[in-house]
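Below is one structure, written out as structure tokens; the observations come after it.
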Amino acid sequence: MTRLNFTLSDALPSLPKSGMPVTIITGFLGSGKTTLLNQILQNKDNLKIAVLVNEFGDINIDEQLLISVDSDMIELDNGCICCTINDGLVNAVYRVLEREEKVDYLVIETTGLADPLPIILTFLGTELKFLTRLDAVITVVDAAAFDTEHFDSDAALSQIRYGDMVILNKIDLATEDKINELKAFVEDIKPGFRILESKYGRVPLPLILDIGLTQTDNYQVEISEFRRNKSAFNNHLENDGFNFISFESDRPFEIEKFEHFLSEQLPNNIFRAKGILWFQESPSRHIFQLSGPRYDLQADDWTSQPKNELVFIGRNLDKSLIQKQLDECLVKLDIHHRFSLSNLFS
Numbered sequence: 042m043t044r045l046n047f048t049l050s051d052a053l054p055s056l057p058k059s060g061m062p063v064t065i066i067t068g069f070l071g072s073g074k075t076t077l078l079n080q081i082l083q084n085k086d087n088l089k090i091a092v093l094v095n096e097f098g099d100i101n102i103d104e105q106l107l108i109s110v111d112s113d114m115i116e117l118d119n120g121c122i123c124c125t126i127n128d129g130l131v132n133a134v135y136r137v138l139e140r141e142e143k144v145d146y147l148v149i150e151t152t153g154l155a156d157p158l159p160i161i162l163t164f165l166g167t168e169l170k171f172l173t174r175l176d177a178v179i180t181v182v183d184a185a186a187f188d189t190e191h192f193d194s195d196a197a198l199s200q201i202r203y204g205d206m207v208i209l210n211k212i213d214l215a216t217e218d219k220i221n222e223l224k225a226f227v228e229d230i231k232p233g234f235r236i237l238e239s240k241y242g243r244v245p246l247p248l249i250l251d252i253g254l255t256q257t258d259n260y261q262v263e264i265s266e267f268r269r270n271k272s273a274f275n276n277h278l279e280n281d282g283f284n285f286i287s288f289e290s291d292r293p294f295e296i297e298k299f300e301h302f303l304s305e306q307l308p309n310n311i312f313r314a315k316g317i318l319w320f321q322e323s324p325s326r327h328i329f330q331l332s333g334p335r336y337d338l339q340a341d342d343w344t345s346q347p348k349n350e351l352v353f354i355g356r357n358l359d360k361s362l363i364q365k366q367l368d369e370c371l372v373k374l375d376i377h378h379r380f381s382l383s384n385l386f387s
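If you read the sequence shown in my numbering, its first letter stands for residue 42, the second for the next number, and so on.
Shown next, in the form of structure tokens:
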């Protein structure tokens, strides 16, 4: 990726010594949250940034798509972060605060299905309010795919409603009319909203870090309700009807069969898919990204034992059917190969 031409230390000479600043990156499935986070990590200069990553699914794909952050990344429990508000998030933040080496900044990447409000209230309505400072909630929007009835999802609208800034990402894939339509839509939901445009999540860091956009006073009513009844804030997945399917295999796919699955069998109620793919015909590791009707494959080198790892996210997905179709894409084992494997693991 291309580095941005500015020096973060010049733009952000000092951060507060108390109250660790926190940025929440949210946005619907496939909007480009991980890409934005990678841009932050690649251009953070000397700023010590810790990252909390939350995924909807039981395979941690995003962890493998992030550039190396050494020991500064903490995985939150799988599942939608806003539906599992308990001690998990608070404990993860404490783990960051207790690091021997001081952390300058915390960035949280939510799942694409997260309602950011319970996450915001966890920082404003618990003991974390004395230890952290919620700096901004940044909502990433796929400018080409988003529409006013985006997948009939409450979460997609909440991500805009409770964000402090919208980044219209992938503007290179959207028409000017579509971009203007989205801006008008966002402005109608939240007048005066700060809106930035980007390609591949490339936004100068001084525009998104230590910007002090979150207005705590705006959440007093919600904070009171959150303290009384946290469970009232965690039912949006049931309302939206989303579920996920995970697929893993120690056998490679055949490229032609997998392409047939994508072009002829992929259900239209799958909104997002991502994974690490292993093809019989290629020695490379393939990073697979699907968002709506678009998908992309990028090849790089394996750093671990080759295997297939995939997560599909959508509405009311048929798990047995999709797993059967993916099984049919795998290289078939001949009798001798099966016998060899059984001996190997006996």
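Ideal Cβ positions, reconstructed from N, Cα and C, are used throughout, including at glycine.
According to DSSP, residues forming a beta bridge with residue i
i    : result
H301 : DSSP output for H301 lists no bridge partner at all.
Y336 : L331
L147 : V63 and A91
G316 : F329 and L351
G68  : V181
E222 : Paired residues: none, contrary to the question.
I208 : V181 and L237
S290 : N349
D341 : R326
I311 : G355
R174 : P62
N284 : G355
L371 : F294
Integer-rounded CB distance, given that residue j should sit under 8 Å from residue i
i    : j    : result
I249 : A177 : 7 Å
L154 : A196 : 5 Å
D412 : S325 : For residue 412 there is no data in the structure shown, the boundaries of the chain being 42 and 387.
I354 : Q339 : Not confirmed; about 20 Å, so no contact.
E300 : Q321 : The Cβ separation is near 13 Å, so there is no contact.
N270 : G242 : So it is not a contact: roughly 36 Å between Cβ atoms.
M206 : L254 : 6 Å
For residue j and residue i, the rounded distance between their alpha carbons
i    : j    : result
F171 : G60  : 7 Å
K89  : L246 : 14 Å
E297 : Q306 : 13 Å
L385 : F187 : In this predicted model, L385 has a pLDDT of only 39, less than 50, meaning its place in the structure is not dependable enough to derive any value.
L165 : R140 : 22 Å
L374 : N79  : 39 Å
L318 : L331 : 13 Å
N388 : R335 : A query on residue 388 cannot be resolved here, the shown segment of the chain reaching from 42 to 387 and no further.
Q200 : T151 : 10 Å
D390 : V244 : Past the boundaries of the shown model lies residue 390; the chain is included only from 42 to 387, so the question cannot be answered.
A91  : K85  : 11 Å
C121 : Y146 : Here C121 scores only 46 on pLDDT, less than 50, and its place in the model is too uncertain to base an answer on.
P232 : L198 : 15 Å
Y260 : E222 : 29 Å
T64  : N132 : 17 Å
P308 : S265 : 42 Å
E217 : I81  : 27 Å
E263 : I212 : 34 Å
T344 : A314 : 22 Å
G316 : T167 : 35 Å
K365 : F267 : 43 Å
D83  : G73  : Reading off the sequence shown, one finds Gln at residue 83, where the question assumed Asp. Taking the straight line joining both Cα atoms gives about 15 Å.
S304 : E142 : 49 Å
N87  : Q256 : 28 Å
E369 : R356 : 23 Å
C124 : L93  : Low confidence applies to C124: its pLDDT is 47, below 50, so where it sits in the model is not reliable enough to give any reading.
N95  : S323 : 31 Å
8 Å Cβ cutoff met for residue i and residue j
i    : j    : result
V148 : V137 : no
I208 : V181 : yes
F71  : D183 : According to the sequence shown, residue 71 is Gly rather than Phe. Yes, the Cβ-Cβ distance between G71 and D183 is below 8 Å.
A225 : A185 : no
F302 : L367 : yes
I179 : I66  : yes
I161 : Y135 : no
R174 : P62  : yes
N284 : L358 : yes
S239 : F69  : no
F312 : G282 : no
L130 : T76  : no
I286 : I363 : yes
Residue i CB to nearest heavy atom of the ligand HEM below 7 Å
i    : result
F288 : Summarising the ligand content, the structure contains no ligands, and the ligand HEM is consequently not present.
(request) Pair every Cβ in the stretch 342-359 with every Cβ in the stretch 279-295, then say whether three or more of these pairs are closer than 8 Å. (result) The stretch 342-359 is in contact with the stretch 279-295.
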